[in-house]
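Visitor: Submitted below is the structure of interest, expressed as structure tokens.
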């Protein structure tokens, strides 16, 4: 039987991410304004405790929540039950998703990208699951901006000299931004690196959004400023000043190609083994693929993390 190397995923089981902050208002508005009005299958990728899932459900025929943390997923499931929202709950590694190719209409992925130590692998797998002409909205933290350069300078002034863990922010590629915590590192990307990954994997950027501290929060809370800030964002989107000033970027992309028209009516039709991509068969609280990889279902949560 084929085996898989355990993924290099940070352990967040002991962390409490039940937060409601000002940035959430922006994320709700992005979901409302940028995503298509309706999608048959929507995936909340890296859902945490389900902070945005209710908003996504209003644009989805069928909603799937995906995360790696059992603790967070249990909270998300309870939140959906309390809110009366129908959804499916999957535990999975984003670099090995349990979906058929070309199956998902819309993916939302907020506050997740900075966990990827191999963004190329993650993007390739996410795009594999998306339908042609499907959409993904996500945010990423850029390294080539003023705040990261100041952070790097502070690190050097304080005696930090580990260039391998914390390279100069303007260098292309992935920047590991908290070298003091090897267990939970944060990764930043340069704009050019991410654009290249998107192009290589057939993603076309259809809308870009960015914010920096108070500017973005005020703009999304106060309608008076919205048009002005959006005009500024549109004018500066691909200009050097925007890349230098705004560290957090929200991007809506479309997968190239035409929808092939294949319909997946049930979750079981949509699922595929994350190890070998074979069909998944569900019986009771167990799942098994044609090649014998077994997975479990516990309290309504489909666990694809550790095949047996």
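Residue numbers (the working numbering): 1438 to 1745.
Glycine included, each C-beta is placed from N, C-alpha and C at the ideal position.
Predicted model only: the values in this text are computed from it and were never measured.
#1: For residue 1635, which of 1563, 1496, 1685 and 1701 has the nearest alpha-carbon?
#2: The alpha helix (DSSP H) spanning residue 1705 covers which residue range?
#3: Using the three-state DSSP reduction, which class does residue 1508 fall into: helix, strand or coil?
#4: Judging by CA-CA distance, which residue of 1738, 1736, 1717 and 1737 is the nearest neighbour of residue 1728?
#5: Tell me, to the nearest whole angstrom, how far the beta carbon of residue 1478 is from that of residue 1707; I am working on the premise that it is less than 8 Å.
#6: List, from N- to C-terminal side, the alpha helix (DSSP H) runs of 4 residues or more that fit wholly inside the stretch 1494 to 1577.
#7: What residue does the alpha helix (DSSP H) around residue 1482 start on, and which one ends it?
#8: Taking the alpha-carbon positions, what's the residue 1525 to residue 1493 distance?
#9: If you draw a straight line from the alpha carbon of residue 1714 to that of residue 1471, how long is it in whole angstroms?
#10: By DSSP, does residue 1701 sit in helix, in strand, or in coil?
#11: Taking residue 1491 as the reference, which of 1548, 1461 and 1689 has the closest Cα?
#12: Give the DSSP bridge partners of residue 1644, in chain order.
#13: Is the distance from the Cβ of residue 1534 to the Cβ of residue 1711 below 8 Å?
#14: Does the structure place the stretch 1535 to 1552 close enough to the stretch 1516 to 1525 that three or more beta carbon pairs sit under 8 Å?
#15: Do you know whose CA, among 1641, 1496 and 1536, lies nearest residue 1701's CA?
#16: Given this structure, state the Cα-to-Cα distance separating residue 1745 from residue 1515, to the nearest angstrom.
#17: In the DSSP assignment, what residue or residues form a beta bridge with residue 1623?
#18: Roughly how many angstroms lie between the CA atoms of residue 1511 and residue 1693, to the nearest whole one?
#19: Going by beta-carbon coordinates alone, are residue 1504 and residue 1483 separated by less than 8 Å?
#20: For my contact list, residue 1541 and residue 1568 are in at a C-beta cut-off of 8 Å; report their separation, rounded to the angstrom.
#21: Could you tell me the distance, in whole angstroms, from the CA atom of residue 1496 to the CA atom of residue 1557?
#22: For residue 1499, tell me which candidate among 1544, 1580 and 1506 has the shortest Cα-Cα distance.
Guide: In this structure, then:
#1: Numbered from 1 along the chain shown, position 198 holds the residue referred to as residue 1635. Selection 1563, 1496, 1685 and 1701 evaluated against residue 1635 yields 1563 as nearest (Cα-Cα).
#2: Within the chain shown, numbered from 1, the residue matching residue 1705 stands at position 268. Where residue 1705 is concerned, the enclosing alpha helix (DSSP H) stretches over 1704 to 1707.
#3: Position 71 of the chain shown, counting from 1, holds the residue named residue 1508. Helix at residue 1508.
#4: For the purposes of this step, residue 1728 is taken as residue 291 along the chain shown, with counting starting at 1. Comparing Cα-Cα distances from residue 1728 to each of 1738, 1736, 1717 and 1737, the minimum goes to 1717.
#5: As a first step, residue 1478 must be located in the chain shown, where it is residue number 41. As a first step, residue 1707 must be located in the chain shown, where it is residue number 270. About 7 Å separates the two Cβ atoms, so the contact holds.
#6: Runs found: 1507 to 1520 and 1556 to 1566.
#7: Walking along the chain shown from the start, residue 1482 turns up at place 45. For residue 1482, there is no enclosing alpha helix (DSSP H); the enclosing beta strand (DSSP E) has its first and last residue at 1476 to 1482.
#8: Here residue 1525 is taken as the residue at index 88 of the chain shown, counted from 1. Here residue 1493 is taken as the residue at index 56 of the chain shown, counted from 1. If you draw a straight line from the Cα of residue 1525 to the Cα of residue 1493, it comes to about 13 Å.
#9: The sequence position of residue 1714 within the chain shown is 277, counting from 1. The sequence position of residue 1471 within the chain shown is 34, counting from 1. Using only the alpha carbons, I get a separation of about 31 Å.
#10: For the purposes of this step, residue 1701 is identified with residue 264 of the chain shown, where counting begins at 1. In this structure, DSSP gives residue 1701 a state outside helix and strand, which the three-state scheme calls coil.
#11: Counted from its first residue, the chain shown places residue 1491 at position 54. For the residues 1548, 1461 and 1689, the minimum Cα distance to residue 1491 belongs to 1461.
#12: If you number the chain shown from 1, residue 1644 lands on position 207. As a beta-bridge residue in DSSP terms, residue 1644 pairs with 1689.
#13: For the purposes of this step, residue 1534 is taken as the residue at position 97 of the chain shown. For the purposes of this step, residue 1711 is taken as the residue at position 274 of the chain shown. Taking C-beta atoms as the reference points, residue 1534 and residue 1711 count as a pair closer than 8 Å.
#14: With a cut-off of 8 Å, the stretch 1535 to 1552 and the stretch 1516 to 1525 do not count as touching, because too few Cβ pairs lie within range.
#15: In the chain shown, the residue the question calls residue 1701 occupies position 264. When the alpha-carbon of residue 1701 is set against those of 1641, 1496 and 1536, the nearest one is in 1536.
#16: Against the chain shown, residue 1745 aligns to sequence position 308. Against the chain shown, residue 1515 aligns to sequence position 78. If I take the Cα positions, the gap works out to 27 Å.
#17: The sequence position of residue 1623 within the chain shown is 186, counting from 1. According to DSSP, residue 1623 bridges with nothing at all.
#18: Position 74 of the chain shown holds residue 1511. Position 256 of the chain shown holds residue 1693. Residue 1511 and residue 1693: Cα-Cα distance of roughly 35 Å.
#19: Your numbering for residue 1504 matches position 67 in the chain shown. Your numbering for residue 1483 matches position 46 in the chain shown. Note that the C-beta distance between residue 1504 and residue 1483 is below 8 Å.
#20: Position 104 of the chain shown holds residue 1541. Position 131 of the chain shown holds residue 1568. Residue 1541 to residue 1568, Cβ: 6 Å. Contact.
#21: In the chain shown, counting from the first residue as 1, residue 1496 sits at position 59. In the chain shown, counting from the first residue as 1, residue 1557 sits at position 120. C-alpha separation (whole angstroms): 28 Å.
#22: Reading the chain shown from its first residue, position 62 is the one you call residue 1499. Answer by Cα proximity: 1544.
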